[in-house]
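Trainee: First residue of the sequence shown: 132, per this note's numbering; consecutive thereafter.
Don't be surprised by glycine CBs; every beta carbon is placed ideally from N, CA and C.
Since the structure is predicted, the reported quantities are computational estimates derived from the model, not experimental observations.
Quick one: the structure is below, questions incoming.
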Amino acid sequence: NKDVTEAINKVAAAYDCKIVEGVLSHQLKQFVIDGNKVIISVSNPDTKVDEFEFEENEVYAIDIVTSTGEGKPKLLDEKQTTVYKRAADKNYHLKMKASKKRARLGLVECVNHELLQPYPVLHEKLGDYAAHIKFTVLLMPNGSDRITSHSLQELQPTKTIDDPEIKAWLALGTKTKKKGGGKKKKGKKDTESAETEPMDATTNGTES
């Protein structure tokens, strides 16, 4: 995971951008969107993750946010938050009667008791631009496979990449073609011809 973090930041720097701090990519499991294996976008003393090696048949949600600014967006208004994640390991029954009838009051009580985890809306400085890309990757025995796509704007970068290592990364595909293929089913005509066609005795009853 450390190599992925370094690669993401190296590519962003080549385009004069910075990776937004605090964004994490997680391993995915059934009913779990934030597994224990984590890829951090920007390494810093305040946020650290354990190093690990990728293994076959794992699934990851790669989350990348870049910025033309400092890469340190801030929360301006908590009321802008409309997306929450249910903490599956937490149980709590709402105590306030109003919380059961009014959504806003119910959200506050659920957040205070860690039943819901908010995904806040962050803001960069005025004049800076940010881009967010997220996709799911399967780590299969024959290579990585991106199973969710994203439509990119038809914009041409103003920077040209000269680093040969980055050029090699950008040239890599995210989907590995399967080798070979399944056996073709014989049609009715093929089956009939195989039954009537005499076998060659020189090949021990098999055709080459």
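Tell me the rounded alpha-carbon separation between D208 and G202.
Mentor: Whole-angstrom Cα-Cα distance: 19 Å.
Trainee: Measure the beta-carbon distance from E182 to K133 and round it to whole angstroms, keeping in mind my assumption that it falls under 8 Å.
Mentor: With 8 Å as the limit, E182 and K133 qualify as a contact, their Cβ atoms being about 5 Å apart.
Trainee: According to DSSP, is R277 part of a helix, a strand, or is it coil?
Mentor: Strand at R277.
Trainee: Can you have a look at P288 and say buried or exposed, based on whether 16 or more other CB atoms are within 10 angstroms of its CB?
Mentor: With fewer than 16 other Cβ atoms within 10 Å, it is exposed.
Trainee: Pair every Cβ in the segment 166–182 with every Cβ in the segment 238–252, then say whether three or more of these pairs are closer than 8 Å.
Mentor: Result no; under three Cβ-Cβ pairs closer than 8 Å.
Trainee: According to DSSP, is E189 helix, strand or coil?
Mentor: It is a strand residue.
Trainee: Name the residue from S280, L257, T199 and G258 whose alpha carbon lies nearest to the alpha carbon of V268.
Mentor: Nearest C-alpha to V268: S280.
Trainee: Taking a contact to mean a Cβ-Cβ separation below 8 Å, would you say K205 touches H254 in this structure?
Mentor: In contact: K205 and H254 (Cβ atoms closer than 8 Å).
Trainee: If we count the other Cβ atoms within 10 Å of its Cβ and call it buried at 16 or more, is V151 buried or exposed?
Mentor: Counting Cβ neighbours within 10 Å, V151 comes out buried, since at least 16 surround it.
Trainee: How far does the beta strand (DSSP E) with P249 in it extend, from its first residue to its last?
Mentor: Its beta strand (DSSP E) spans residues L247 to Y250.
Trainee: Express the C-alpha separation of I164 and L238 in angstroms, rounding to a whole number.
Mentor: Approximately 21 Å between the Cα atoms of the pair.
Trainee: Can you tell me whether DSSP reads N132 as helix, strand or coil?
Mentor: Residue state, collapsed to three classes: coil.
Trainee: Taking only the alpha-carbon atoms, compute the straight-line gap between G274 and Y191 and give it to the nearest angstrom.
Mentor: Roughly 14 Å separates the two Cα atoms.
Trainee: For D147, collect the residues of the same chain with a Cβ closer than 7 Å to its Cβ; drop the 5 residues on either side in sequence, then sort them by chain order.
Mentor: Excluding positions up to five away in sequence, the list reads K290.
Trainee: Run the CB neighbour count on A219, radius 10 Å, all protein chains shown included, and call it buried at 16 or more, exposed below.
Mentor: A219 is exposed by the Cβ-count criterion.
Trainee: What are the residues that DSSP puts in a beta bridge with H254?
Mentor: Partner(s): K205.
Trainee: Smallest Cα separation from T212: which of P249, I292 and A299?
Mentor: Answer by Cα proximity: P249.
Trainee: May I ask you to report which of helix, strand or coil DSSP gives R217?
Mentor: In this structure, R217 counts as strand in the three-state DSSP scheme.
Trainee: Can you tell which of A299, K160 and L247 has its C-alpha closest to the C-alpha of H224?
Mentor: Ranking A299, K160 and L247 by Cα distance to H224 puts L247 first.
Trainee: Buried or exposed for A143, please, with buried defined as at least 16 other CB atoms from any protein chain shown within 10 angstroms of its CB.
Mentor: It is buried - the Cβ of A143 has at least 16 other Cβ atoms within 10 Å.
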